[in-house]
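Please read the structure below before turning to the comments.
2 protein chains.
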Amino acid sequence: MIAVVPGPELLARARLLVAPELNASLVRELERIAGRGAEPLADEVPGGGPLLCVGAALPGSVRATAADRLVWFHSVNAGTDPLLAAGPWPAGALLTRTVGRMGERIAQYVVGWVLAECQAVPEYVGQHARAEWRRLPTELVAGQTALVYGTGRIGGAVAGLLRRCGVRTVGVGRTAGSGPPPVGFDRVVGAGEDAEADELAGARWVVAALPSTGATEGFFGARRFAAVRGATFVNVGRGATVDLAALEGALRDGGVRRAVLDVLAEEPAAPDDPVWRLPRTVITSHSAGITADEDVAVDFAACWEAVREGRRPGLAVDVGRGY
Amino acid sequence: MIAVVPGPELLARARLLVAPELNASLVRELERIAGRGAEPLADEVPGGGPLLCVGAALPGSVRATAADRLVWFHSVNAGTDPLLAAGPWPAGALLTRTVGRMGERIAQYVVGWVLAECQAVPEYVGQHARAEWRRLPTELVAGQTALVYGTGRIGGAVAGLLRRCGVRTVGVGRTAGSGPPPVGFDRVVGAGEDAEADELAGARWVVAALPSTGATEGFFGARRFAAVRGATFVNVGRGATVDLAALEGALRDGGVRRAVLDVLAEEPAAPDDPVWRLPRTVITSHSAGITADEDVAVDFAACWEAVREGRRPGLAVDVGRGY
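Quick look at the structure:
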């Protein structure tokens with residue numbers, strides 16, 4: 001479902017509504033880009049006219065009473081699943097998102113945790129605390145294989161950085177596609193194909209960078225984990241894509257060597273959440289792909305430029321597909 | 324002091340002596356390359372004839388009694404300072420060394436510890452142990468500056484990998500040199516020049532990859548550390564190049580943010596060594612640049628090929644300079 005790009009007349013008349021939690025300096029920047037003053041995106045939107053909103057969430061009352069006037073919503077986050085899960089997206093409203101340097105940030109998160117494992121960073125920190133000088137096995141990541149689920153901007157950035165460290169990168173997409181693999185990938189295979197299982201068996205790293213959509217819920221389940229032979233699993237996508245019971249089973253039987261989970265289906269995890277007791281796992285706090293104010297402004301400006309020229313922004317979300 | 328490359332007649336007659344600690348499979352490989360059987364490199368070398376030795380150390384008695392017959396020594400390590408420190412190197416004897424994938428390994432060690440710090444890996448591991456879900460500040464390494472001391476094979480490999488992660492890399496050599504900087508570096512400055520102090524002040528990372536020679540002892544001392552403004556210091560070269568008291572002072576006054584030391588002047592560090600109590604420091608066990616048997620064989624083969632053709636091997640050590 002491709003949303004309609006608002007035409008020049010609508011864009012000119014649209015009121016700019018910004019979420020109250022945005023920093024004042026960012027709001028000033030958005031006002032400068034849109035060439036109009038901002039009003040708060042609150043539960044009540046008095047008055048009429050077309051609406052251009054910037055924020056993380058669309059207030060339920062706006063959705064209920066002013067949905068037909070929403071022409072464009074720019075999300076300050078990359079993941080728009082909370083926006084889309086709240087109900088049908090207002091018909092015809094353009095939804096764009098902030099990716100910013102997120103690909104770069106997530107790539108550094110992944111490579112940081114990958115190389116930290118290769119260099120036994122946590123173990124050396126532990127030895128240091130015990131004043132213990134002992135050589136630990138380390139690994140050269142160059143020549144190893146990483147499977148990266150998601151071949152879009154984020155998966156591509158992750159693969160690109162892994163590849164620059166000498167890793168062979170295999171993307172997993174909805175289909176293998178034709179023609180040469182996208183930048184950053186040595187190969188792309190389709191999810192569910194035999195080639196995926198073969199590559200899973202040979203991989204040292206399995207990186208999940210999938211959005212949360214109906215189609216990806218529990219995507220990493222028992223069948224997929226059963227094909228893994230000693231890879232470390234890193235999730236920088238969405239928690240809902242992983243069946244945690246299946247992951248636990250694979251960690252216990254050794255198919256999955258370690259896990260690094262930046263995302264969980266329910267965040268934050270409470271201290272008594274059993275997820276903390278998964279073996280050989282580290283949970284981080286959804287910190288891989290933070291967006292900075294600068295990212296929001298830069299991406300909004302790019303979308304603005306496209307819309308003004310009547311083009312569909314590259315950061316537009318296909319609200320049917322969910323990303 | 325450039326050693327003489329043994330001529331074809333000497334090479335043909337040379338006996339192959341290999342250190343007893345080498346693995347049998349490596350010895351077989353060395354025999355295959357040299358086209359002759361190996362004898363043990365022991366304290367006593369009965370019989371005469373020119374000697375080609377492979378090992379980590381030259382036994383004192385061989386040095387005392389058969390130095391004039393030594394035509395070539397191939398070191399299984401990259402650092403040949405223990406060999407050269409044991410006394411004057413036998414005149415005319417070629418010394419070659421194993422670098423192997425050491426540049427690549429050391430580069431991954433450096434980038435692994437750099438990104439682990441950016442991603443707060445030790446802190447997240449600690450939080451995980453306490454079942455604590457809390458966002459910690461992380462850093463994007465792209466755009467930061469790293470000073471790399473040593474612009475040879477190893478420094479170049481370190482700089483190259485940092486650069487592929489988006490880091491601006493400044494090499495520090497004996498002189499700035501002329502012409503474009505070597506591969507991996509955005510810029511090269513000379514040690515002691517004003518430009519070095521300027522770059523130290525702006526650097527986020529200071530990586531020491533210097534060999535141990537008379538000229539580099541205590542190279543990282545109070546004056547140099549005083550120019551550092553918040554960089555993390557990583558030593559993958561030699562422990563003797565660092566004045567530990569000066570480093571401790573810089574860590575205490577905050578000029579140096581953290582330290583990662585893979586090498587110490589005295590290894591292994593005993594449990595009561597005060598080095599374990601340096602603030603914000605992690606010591607690893609000289610593990611960054613291990614050489615594998617495969618590396619020794621590949622590098623010996625390359626040297627053999629050069630010597631056979633009458634060329635000076637690229638891995639020959641200038642025994643006067645010390646590397």
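In the order they appear, the protein sequences are chains P and A. When you number the first sequence by our numbering, it's gap-free, plus one each residue, and the end is 323. When you number the second sequence by our numbering, it's gap-free, plus one each residue, and the end is 646. Beta carbons are placed, not taken as given, at the ideal position from N, Cα and C, and that holds for glycine. Quantities reported herein were computed from a predicted structural model and do not represent experimental measurements.
Residue A:504 holds the alpha-carbon nearest to the alpha-carbon of residue 494 (chain A) among A:487, A:415 and A:504. Close CB contacts of residue 350 (chain A) within its chain, under the 7 Å cut and outside five residues either way in sequence, are with 341 and 361 (chain order). For residue 621 (chain A), the enclosing alpha helix (DSSP H) has its first and last residue at 616 to 631.
Residues of the region 84 to 108 of chain P whose Cβ lies closer than 8 Å to any Cβ of chain A, in chain order: 101, 104, 105 and 108. Residue ranges of uninterrupted alpha helix (DSSP H) with 4 or more members, entirely inside the region 126 to 196 of chain P and ordered along the chain, are 153 to 164. Excluding its 5 nearest sequence neighbours in each direction, residue 490 (chain A) has C-beta neighbours in its own chain below 6 Å: 464, 467 and 469, listed in chain order. Counting along the chain, residue 283 (chain P) sits inside the beta strand (DSSP E) bounded by residues 281 to 283. Counting the other CB atoms within 10 Å of its CB gives residue 235 (chain P) a total of 16 or more, which places it among the buried residues. Residues of chain A whose Cβ lies closer than 9 Å to the Cβ of residue 258 (chain P) do not exist; the shortest such Cβ separation is about 12 Å. CA-CA distance, residue 441 (chain A) to residue 621 (chain A), rounds to 35 Å. Sequence-distant partners of residue 438 (chain A) (beyond 5 residues in either direction) whose C-beta falls short of 7 Å from its own C-beta, in its chain, are 464. Residues of the region 109 to 127 of chain P with a Cβ closer than 9 Å to any Cβ of chain A, in chain order: 109, 111, 112, 113, 114, 115, 116, 117, 118, 119, 120, 121, 122, 124, 125, 126 and 127. For the alpha helix (DSSP H) assignment, the uninterrupted runs of no fewer than 4 residues enclosed by the region 338 to 394 of chain A are, from N- to C-terminal side, 347 to 357 and 383 to 389. Contacts between residue 140 (chain P) and chain A, judged by CB atoms closer than 8 Å, involve 424, 427, 428 and 431 in chain order. Where residue 592 (chain A) is concerned, there is no enclosing alpha helix (DSSP H), because DSSP gives it neither an H nor an E. Here the alpha carbons of residue 131 (chain P) and residue 593 (chain A) stand approximately 8 Å from one another. Excluding residues up to 5 positions away in sequence, 342, 398, 399 and 400 lie with their Cβ nearer than 7 Å to the Cβ of residue 379 (chain A) in the same chain.
Neighbours of residue 592 (chain A) in chain P, taken as residues at a C-beta separation under 8 Å, are given in chain order as 131 and 133. Secondary structure at residue 238 (chain P): coil, using DSSP grouped into helix, strand and coil. The beta carbon of residue 426 (chain A) sits closer than 6 Å to those of 476, 477 and 480, all from its chain and outside the five residues before and after it, given in chain order. For residue 347 (chain A), the number of other beta carbons within 10 angstroms of its own is below 16, and it is reported as exposed.
Per DSSP, residue 105 (chain P) is one residue of the alpha helix (DSSP H) stretching across 102 to 118. Comparing alpha carbon positions, the residue from A:567, A:616 and A:628 closest to residue 599 (chain A) is A:567. Contact annotation for residue 642 (chain A) against chain P: no contact, minimum CB-CB distance about 29 Å [criterion: below 8 Å].
When DSSP reads this structure, residue 73 (chain P) sits in a beta bridge with P:53 and P:95.
For the 9 Å CB-CB criterion, residue 640 (chain A) and residue 605 (chain A) do not form a contact. Just so you know, the alpha carbons of residue 395 (chain A) and residue 430 (chain A) end up roughly 30 Å apart. Sequence-distant Cβ neighbours of residue 124 (chain P) in its own chain, meaning closer than 8 Å and more than five residues away, are 136. With a threshold of 9 Å between beta carbons, residue 614 (chain A) makes no contact with chain P. Annotation for residue 13 (chain P): no beta strand (DSSP E) segment contains it, though the alpha helix (DSSP H) segment containing it runs 8 to 13. Close partners of residue 376 (chain A) in chain P (Cβ separation under 7 Å) are lacking, with about 25 Å as the shortest Cβ gap. Distance check between residue 93 (chain P) and each of P:193, P:11 and P:273 places P:11 closest, using alpha-carbon atoms only. Under the Cβ criterion (8 Å, minimum of three pairs), the region 201 to 208 of chain P counts as touching the region 224 to 233 of chain P. Closest by C-alpha distance to residue 296 (chain P), out of P:8, P:50, P:54 and P:6, is P:54. Rounded to the nearest angstrom, the gap between the Cα atoms of residue 193 (chain P) and residue 29 (chain P) is 47 Å. For residue 169 (chain P), the nearest beta carbon of chain A is not closer than 9 Å to its own beta carbon.
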